[in-house]
Each structure stands twice: as structure tokens, then as C-alpha cells.
Amino acid sequence: MTASPITIVDCQLGNIMSVQNMLRRLGFESTVTSSPERIAAASKLILPGVGAFGYAMNQLRKLGLEAPLQKRVAEDGVPVLGICLGMQILCRGSEEDDVKGLGWLPADVVAFDSERIEGHQRIPHMGWGEIEVPRPTRLFPATSEDTRFYFTHAYHLSNDDEQDVVAWTTHGYAFPAAIERGNIVGVQFHPEKSHRHGMEVLRNFAEKY
Amino acid sequence: MLDGTARPYQRCSVSVFDTLDDPGMVFDDEGRSNYYHEYQALAREHLRTGREAEVLLDQLVSRVKANGANRPYDCIMGLSGGVDSSYVAYQAHRLGLRPLAVHFDNGWNSELAVKNIENIVSKLGFDLFTLVVDWDEFRDLQLAYLRASVVDIEVATDHAIAGTLYRLARKHRVKYLLSGSNISTEAVLPPHWIYNKLDHINLLDIHRKFGKRELRTYPLFGTAQKKLSIDIDSVESLSPLNLLDYDYDRAKETLARELGWRDYGAKHHESIFTRFYQCHILPQKFGIDKRKAHLSNRIFAGQLTREAALEKLEEPPCPDDVARSDQAFVLKKLGLNDDEFDLIMRTPPRAHTDFAVERSMAQRFPAMRLIRPLWRAVRGAATIIKRD
Amino acid sequence: MRRVRVIPTLLMRKGGLVKTVKFDRGVYVGDPINTVKIFNDKEVDELVVLDIDATNEGREPQIERIREIAGECFMPLGYGGGVTTVDQMSRIMYAGAEKVIVNSALATHPAVVSEGARRFGSQAIVASIDVRKRFLGGYRSYTHGGTRRMPEDPVTAARRAVELGAGEILLNSIDRDGTYEGYDLDVIRSVASAVPVPVIAVGGARNVGDFLQAVQTGKASAVAAGSIFVFHGVHRAVLVNFPSPSLLKDQLFQPLTAGASA
């Protein structure tokens, strides 16, 4: 396996063990760390996240991780996969809080438009959803009829450039399920909680980036 | 581990057993091992085919039906999800019997086993009873066996299956157990590879010396139960597969086709512990590859060629990723860390007879002191409890 | 195609799994780790594990046990039982659970519920409301394993839980628990109509038809069950089972997609 070792960033933001568990089940070892030094030396990063945008960014800054991440990702071009809130903090900012994001992705995080969702649909968007893939990418080379992922979120992305969106999903209306722009990759859903469908995505990130 | 270096290596010319499996093995002029001859003797005694088998099967079915005439069930049938017991279920349905299907849940069922059991009882319309032993209790018993360093750790499960079947026979006033025991896949094997599953004295002594928790939900098949079931109620275990021209591969095909049965990949892999035991503990600690027994019997039964068997033996018992995740899972469930498990693996094996044994068995089989008759006694007892 | 989550609910007592009837008795079902592994291998949508004695015994959530269970789950896991501090919530999630389920804390530690939602997001906090039908009509809510009455009725309790920040309601009918009498559609509908967040219905399910009713008539967003997923047949034999994807598609998802729902 020529896959480079994976560093999982631990901002103490909820469940990161499951990402490591799934990687391990797939045969990939990974390190969970909140150490700025180790992040500065990482060759591949995963940024999981659960919770509130503002709280997450403050944690990141409090732990001194913003600078090494900026260097490694924005300057050195190391691949990074943001998961759920981890993808949202890649953006400029969020309607959820008055805090700036990492800003690597030309996009904003917005609340679900309650006027556009159907009567029976609720917020937070919680449950299994199917995706639409505009063109095959490394993360989604192919999908089958029963491909589905677990979503749990109250906010979603709004991208400046729709070419960055590599998978769409719907909850009342279509919004980004996954993005990719250069070395920046992100998924709104939780691959570590999406059975074999999620395993495919994590495997693709581990092997192809 | 038995040291096979005392004599030159030789392999049976018919089966795949060799002198590393049993240093006491003897060969005839054609290089056939004593296992070949023992298989032939057992086949002569128990296997029937053609018209004779039909007649005996009819008689068996009539007896069972007559005995269960005014009762909800006419027999008790163990169901593990494995090939043998699944096929017995299929045949029981075809023969019009009314079994109570019984499953012993020791906390190690794979999803595949549970699904197979569900399919069988649903599609064949059988009632199911499960005995779920308290997990902490059973874990303690398994750990006792591991620390005792004896070879047959599966006695913990197999004994409980017997206990469960007999208890239910009593409860439902049923005289017959329907067993998946069969000659063509399990007639012969080296005696030191297993131990008498019914010997509760041995189990209790191992538990007493290495266990910490009281056995309260564990269905022990003790002296009193044995007396009641075997001597007083005369509960009898029947092995219909020996009258049904049982072929392992053909049985699997039938089960898949008729009942949506899914394959585990190897015998006994419906239990994650058993898979780990056979793929890792037996080979690494005891130098035993149990596949050789299954394959050799099928060769003797004329259902498999020696070449095909040797080919299968070239692969490891389990793929590496399965072995890896099984080890993590087993250690997690048993509450053992790597060092503790390492110590268990490195501790030299001990004989079951280092611990107390059931004296009545010795009385019933006075020649038990000799190795060769022992396995016959063990096999005889093992027909009663059955796990595929 | 519209999907709804179908969620097995597992009850833990003294480290083992049990199944109750009307929150009483407790038949032993087996080892949590193996049972969770089987559900995982069946690729169920989500799992709820509740430590039903933790609050009454004044016990902390068993973090190590949660970690062992979460290690077998490649689907979301919600854990509840005895949660009264934000630190516990944090440790539960760090151990591998997605959601923390609070019940008694709604009455005894409401500020903790709010703080938890603020810190981890509302989607991580599930308010579990246990209800019993009153003899002369209406419903009452309970905490502490059904032993302590809340001052509010279920609708008021649910609204308050959402105000505190809960992102989901797990609505549990004590009367129907383990009875195979079907869901209590009235209480489900009254709560689901009163709050904007997803409501998960649990208590009394017999089959997939009941799931459909809970969603169509009861307006539940998701359904949960215990007994039907662990027992089989007349002897209530313990046998973990879950409807096949095709069965769910035919009897739940497609009818929902086809039918109109307000």
C-alpha cells in the first residue's frame, strides 16, 4: 500500500474515533492528534467535525492549529478531507456564527431555507440521503442505485463556483454533498457512519490523493 | 504440541492426515493410515444407502411421529446456522416431522448465522427456542478454558448445546433429538484434537481452577440431568444424515437454492470465536489444522479428491484481513489485552485429563486409558451434541 | 425515493442487553458488543443504546463500554442514560457516539441540555420523552425510567426540549413498550405537529406496516423498535433480525414517496 499516512485533526469536537476505526477496518493506519507540530508535518489530513461553526473555529485557534493547517494545506498543498463541520470550516464563514472560517474554499455556509423544504422535511437534516454525481471524480468514480450516506446538519454549503461541487444531494432542494478544489476535499455527510458506502469514499481518499 | 520429529514424516496415501497430525499413526502396505480403516469400519456400522437406507429412514420417521403424536413437537432439533444442522432442518421438513428448532446463543453468532437461522425457521415454518447464556458468565468459562491451556475450548459451547437440547426434550416430553452428526464429514480425527463434550466433571474442574464467576445460566449437562434424560426418559439422539446420502457440497447447493442459505466460507465459521479458534489458536498454539479432518473424511466418503483437498490446504485457514479483525474483536469481547493473550498462546498445552474426568465414562468404557478407543468413545458421545 | 430511518433500540442493564414490557421486567437478550456487530453487519440505519438504570442508580455513563460498542458501529450511534453534565456528553461523543440522548436531565439539568446543544450542535442532542396515557384522556410525561412524573404533558415537554436546543425528539410510549400492540399514533402526531425537529417514534411496533403508519398518520420522521428486532416467533426466541432493504423499499419508502404527505 503506497497510501501516505493519514493525520486526523483532533479539535475535541465530538466523534473522531469512528473515522480512525473505519480507516483501520480498511487497513489504513492513522494518527489522531491535536499537536501543531505533527500537523505541520502531515502528508495527508482529515478534518472531522461535529457541532457549531463558531465553537469549532475557536477550538482550532485555541489549540494553535490554524497556522500549521494554513501552511500545510494552503501553502504546501497537502490533501485535506473535511467531514461535515470539518468541511464547513474550510469556507469563508457561516450564518451560524460571526466567526471567520479557514477560507480555503470560495464558499459560505448558510442555514437551510425553511421555505424551500417540503412539509414533512425537518431541520436539522438528519438521515440517509442519495447523491447525484455530475461527473466521475477520484472520490466518486461511480455510484450505484443503493449508494447512500448519513447526513446530520442544519447548515449547508453555498459555493461561488459550482464546478467545485462533485456531489449533490437534496433536502427540499439541491445542495452540495461533496466538494473538491485542488487539494481541498470535503463531504457534508459522515463517511465513517455510512457503512460500505462511506468505506468506499474513505478508501478513495486514502488511496488516490 | 506433539513432537513429530521422532519418526520420519509420512502422509496417508488416501487422506491428507500425516504423522505431524498424529505421531502414533500407522500405515498399511498401501500407505493408507489407520484413519482410513477406522472410517471404513464406522461407515459399515452407521452409513446406509439405497433401498436399505430408505427402509431405515422410514422406520426412523415413523418412530418419531408415533412418539410425538399428540404433542406440539415430535423431536428437538439443534440449529446453529451451519450446513449440517440446516440440512437436517430441510430434511425434517421434507419428511413431515414437527421439530422444535433450538439454538444456543453463546454471544458469538455472526450476522450470517443469525440470518440463516431466520430463513430456515421462517421458510420451513418451524418454531424456534433460543437459550441465551449470560455473556459475562460464558466469557468467564471461555477464559477458564484458555487459561487451562487445554485443546478443546469448544467444549464450553458444545456441552451447553447438549445441556440445552436435553433440557428441552424434558420440558416438551420429547424422546428424540435430531442430530446433524454424520459420518461423511466427521467420522474420524486424531483423538488429541478434541475432548469428550459431555464430560461435565472436566468442565467443572477447569472452571473451578481458572474461572471466577458462578455458573448460573449455563445449561450444564450434569449427573442428575444425564440420569434423567438418558437413563429414565431414554432420550435418544438420531442421525438421519447417515441415511440420506449426505454430501456436503450438494447439501450447500440445495440449501442455497431452496432456503436462501448463505455460505460462511468454511466449516463452523458461523461463530466468530470458532473461526478465530480454528484459524489462529489451534494452528499457532496447538499445531492443529482442523480442516484436515473435515477434508479427510470427505475424501474417505468419496466426495472430494485428495488433490482438491491438498489445494485447499495450501491457502491459510483464513484471509489475513479476517484474521486481523477477528483477533481484535475476540480480544475486545474477552477483555484481554495483547500481552495477556500472548501469554495464553505461549503457555504449553495441557491435557484435559490433567483435570478431573467423569468416572462413569471410564466405567462405561474401561479401555479409555488407551488412546485409540478413547476417540471412539468421544465420537460416540459427540453424536448427541452437534454443532455443524 | 423518500427514506425514513428505521432504528433498533437496545436497552442496557448491568452491562447486558435486556428487553422490557411497559418499562418493566427485563428479559436477557445478550452481549451488547456482539448484538451491535450483528446490526452493523445488517447495515441498519442507526442505533440507539440506552442504559436504563443509570439515572436511578446514580451512575456515570460507562465510557469504556460505549467505546467498545461504537467500535462496531459504522452507522450513527445515539447513547443515553444518566447524562447530567456537558463533560459526560463530550466524553460520550469522543468515545464514538454521534448523539447524546437525555431524558431525566430535561427535568433535573436543563441548563446542561442547552450548553450541550450550543457546544456540540443541536443535531447531537436528542430529548427522549417517555409517555403514558392518562386514564381519562391525555398523556403524561415521565423521567427516571418511568418512575417520576414531569409537570408537563408530552407536547409541552417536547417544545421545551426544542427551546433548550434538542435537535430531535425520541418519543417513547411506556404503555406500548414490548406489547406488540402497535404505535400510539395519537401522541406521536400531537408531538410531531408541535415541534419543527424530527420526531422518532418508539414503543409497540409489530411490523413494517406500523412504521408506515407512524410516518403517514403520526407524522414521525423516523421509527424505532426493540422487541421486533430481537425476538422471533411464538417462543420469543432471541434472534437479531431487521427488515431487508427490499422489504423496506416496498412497504415503507415507496408508499411514502408515492403518497402525498402534508
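Heads up: the sequence lines are chains A, B and C, in that order.
Reading the first sequence from the start, the letters are residues 1 to 209 in the numbering used here.
Reading the second sequence from the start, the letters are residues 210 to 597 in the numbering used here.
Reading the third sequence from the start, the letters are residues 598 to 859 in the numbering used here.
Positions of the beta carbon are idealized from the N, C-alpha and C atoms, including for glycine.
Check, Outcome
"Nonlocal neighbours in the same chain, by C-beta distance under 7 Å from S790 of chain C, ignoring five residues either side", "K816"
"Of the listed residues B:L491, B:G544, B:L337, B:R500, nearest to P308 of chain B (C-alpha basis)", "B:L337"
"Test item: CB-CB of Q851 of chain C and L809 of chain C under 8 Å", "no"
"CB contact check: V50 of chain A to chain C, cutoff 8 Å", "yes"
"Chain B contact residues for I663 of chain C, given Cβ-Cβ distances below 7 Å", "Near I663 of chain C there are no residues of chain B at all, since even the closest Cβ is about 13 Å away, more than 7 Å."
"C-alpha gap between A310 of chain B and L288 of chain B, whole angstroms", "6 Å"
"Whole-angstrom distance between G233 of chain B and H401 of chain B, CA atom to CA atom", "11 Å"
"DSSP state of D621 of chain C mapped onto helix, strand, coil", "strand"
"DSSP state of A755 of chain C mapped onto helix, strand, coil", "helix"
"D529 of chain B versus L229 of chain B: straight-line alpha-carbon distance, rounded", "24 Å"
"Where R599 of chain C sits in the DSSP three-state scheme", "coil"
"Within 8 Å, strictly: CB atoms of K696 of chain C and S824 of chain C", "no"
"Coarse secondary structure for R116 of chain A, derived from DSSP in three states", "coil"
"Y691 of chain C at chain A interface by Cβ criterion, 8 Å", "yes"
"Euclidean distance between Cα positions of S180 of chain A and L522 of chain B", "The amino acid at residue 180 of chain A is misidentified as Ser; the sequence shows Glu. Taking the straight line joining both Cα atoms gives about 47 Å."
"Neighbour flag for T373 of chain B against chain C, beta carbons, 8 Å", "no"
"Extent of the continuous alpha helix (DSSP H) to which A252 of chain B belongs", "243-255"
"Neighbourhood of N15 of chain A by C-beta distance below 7 Å, restricted to the same chain and skipping five residues each side", "V50"
"Beta-carbon spacing of Y780 of chain C, A798 of chain C below 8 Å", "yes"
"Contact list for the stretch 759-779 of chain C against chain A, Cβ threshold 8 Å", "G764, E765"
"8 Å Cβ cutoff, Y173 of chain A in contact with chain C", "no"
"Burial state of L47 of chain A, where buried means 16 or more other Cβ atoms lie within 10 Å", "buried"
"Selected residue, minimal CA-CA separation from A371 of chain B, among B:T394, B:S438, B:A396, B:E524", "B:S438"
"Buried versus exposed, by CB contacts within 10 Å (16 or more), F732 of chain C", "exposed"
"S144 of chain A at chain C interface by Cβ criterion, 8 Å", "no"
"Chain A within 8 Å of Q685 of chain C, Cβ atoms only", "no"
"H195 of chain A versus M672 of chain C - alpha carbon distance", "6 Å"
"Proximal residues of chain C, C-beta to C-beta of G316 of chain B below 9 Å", "G627, D628, I630, N631, T632"
"Residues sharing a beta bridge with W265 of chain A, DSSP", "Here chain A has residues from 1 to 209 only, and residue 265 of chain A is not among them."
"Closer than 8 Å to chain B by CB, K846 of chain C", "no"
"Below-8 Å beta-carbon distance, T551 of chain B vs any chain C residue", "The displayed chain sequence assigns Asp, not Thr, to residue 551 of chain B. It does not: the Cβ of D551 of chain B has no partner Cβ on chain C nearer than 8 Å."
"Boundaries (first-last residue) of the beta strand (DSSP E) holding L767 of chain C", "765-770"
"Given I285 of chain B as reference, the closest of B:V383, B:E247, B:L407, B:P428 once Cα atoms are compared", "B:V383"
"Local Cβ density within 10 Å of P124 of chain A, reported as buried at 16 or more and exposed below that", "buried"
"E346 of chain B beta carbon less than 8 Å from that of Y427 of chain B", "yes"
"8 Å Cβ cutoff met for D472 of chain B and Q512 of chain B", "no"
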